[in-house]
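K.L.:
Numbering (our numbering), first residue to last: 28 to 286.
All C-beta atoms in this analysis are idealised placements derived from N, C-alpha and C, irrespective of residue type, glycine included.
As the structure is a computational prediction, the values presented were derived from the model and not from experiment.
1. Roughly how many angstroms separate the alpha carbons of residue 228 and residue 281, rounded to a whole number?
2. Tell me, which residues are paired with residue 184 by DSSP?
3. Inspect the beta-carbon positions of residue 186 and residue 204 and report whether they are closer than 8 Å.
4. Assuming residue 107 and residue 265 are in contact, meaning their beta carbons sit under 8 Å apart, how far apart are those beta carbons, in whole angstroms?
5. Look at the alpha carbon of residue 176 and the alpha carbon of residue 258, and state the distance between them as a whole number of angstroms.
6. In the DSSP output, which residue or residues are listed as bridge partners for residue 122?
7. Would you call the region 83 to 93 in contact with the region 230 to 242, where contact means no fewer than 3 C-beta pairs closer than 8 Å?
8. Mapping DSSP to helix, strand and coil, what is residue 70?
9. Return the chain-ordered list of same chain residues with a C-beta closer than 6 Å to the C-beta of residue 143, the five sequence neighbours on each side being excluded.
10. Out of 99, 145, 183 and 103, which has the shortest C-alpha to C-alpha gap to residue 126?
11. Apply the 10 Å Cβ neighbour rule to residue 284 and answer buried if 16 or more other Cβ atoms are within range, or exposed otherwise.
12. Can you have a look at residue 128 and say buried or exposed, based on whether 16 or more other CB atoms are within 10 angstroms of its CB?
13. Just the Cα atoms here: how many angstroms apart are residue 110 and residue 171?
14. Using the three-state DSSP reduction, which class does residue 53 fall into: helix, strand or coil?
15. Please report how far the alpha carbon of residue 195 lies from the alpha carbon of residue 202, in whole angstroms.
16. Quick one: using the 10 Å Cβ neighbour count with 16 as the cut-off for buried, is residue 80 buried or exposed?
17. Taking only three categories from DSSP, how would you classify residue 269?
18. Check for me: the alpha helix (DSSP H) holding residue 114 runs from which residue to which?
19. What would DSSP say about residue 47, mapped onto helix, strand or coil?
20. Quick one: give me the first and last residue of the beta strand (DSSP E) that residue 12 is part of.
21. Which partner residues does residue 117 have in the DSSP bridge list?
22. Would you kindly check if the distance between the Cβ of residue 73 and the Cβ of residue 119 is under 8 Å?
23. Quick one: Cα of residue 189 to Cα of residue 210, how far?
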């Protein structure tokens with residue numbers, strides 16, 4: 028018969044084994060569920076020094092997304108969307124666009140970033156599927172880059188359009204008619220900061236339109252994540268339910284294009 032001392036030793040050993048197993052299980056769970064660690068990097072893109080935030084994919088890499096901010100905004104205003112995509116297995120990059128008024132300049136920088144992702148090395152293994160996401164003026168720049176090799180989808184978040192001097196048609200509308208990449212438009216009805224919903228005609232022009240979704244009652248700020256007091260003051264208050272609708276649209280796009 029085992030003495031109480033022997034029993035205590037066996038009990039201690041069993042408890043230690045259980046504790047070790049629990050620690051291993053916790054570590055494995057943490058490796059798959061903890062959010063990715065964001066880093067900030069600086070790269071030369073089409074002759075410009077561009078600062079960008081990198082959100083590594085959580086879990087197996089499905090593809091990449093590049094998120095472009097609006098006029099006078101910064102990469103930080105799309106960090107929430109970038110993190111959500113990263114959590115879904117998408118390597119997400121949020122750059123500060125190099126050119127304030129030159130949308131074609133921004134598009135060239137975005138195309139160079141797509142090329143770097145496809146080549147591999149700079150951001151890890153080569154990525155063969157890239158989606159472009161752009162808010163407001165960033166939506167126009169992203170649209171102009173969406174025909175770059177490797178781009179499998181374009182998301183316009185309440186995008187902006189403009190007719191340039193000496194050009195007959197709005198820049199984005201003309202590009203939309205030529206684009207063969209599948210596209211998702213998530214838009215607000217006419218509202219402050221986008222009073223004419225100027226990108227609405229893109230829906231009829233895009234040959235590969237997947238979805239044109241108008242978020243009822245949305246303000247321009249509903250499409251940023253996070254937004255800030257500057258946008259709220261200028262463009263109207265966001266709403267959590269509307270913001271979630273926008274976020275779900277992005278995740279739907281990633282699920283569709285990153286299969």
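P.N.:
The answer reads as follows:
1. 24 Å
2. 162 and 213
3. no
4. That pair is no contact at about 11 Å.
5. 34 Å
6. 79
7. no
8. strand
9. 149
10. 99
11. buried
12. exposed
13. 24 Å
14. Interpretation of residue 53 is limited by its pLDDT of 43, a score under 50 that renders its predicted location unreliable; no figure is taken from the coordinates.
15. 13 Å
16. buried
17. helix
18. 106 to 114
19. With a pLDDT of only 40 at residue 47, under the threshold of 50, the placement of this residue in the model should not be trusted; the figure read from the coordinates follows. Three-state result, residue 47: helix.
20. Because the chain is modelled from 28 through 286, residue 12 falls outside the range shown and cannot be assessed.
21. 90
22. no
23. 19 Å
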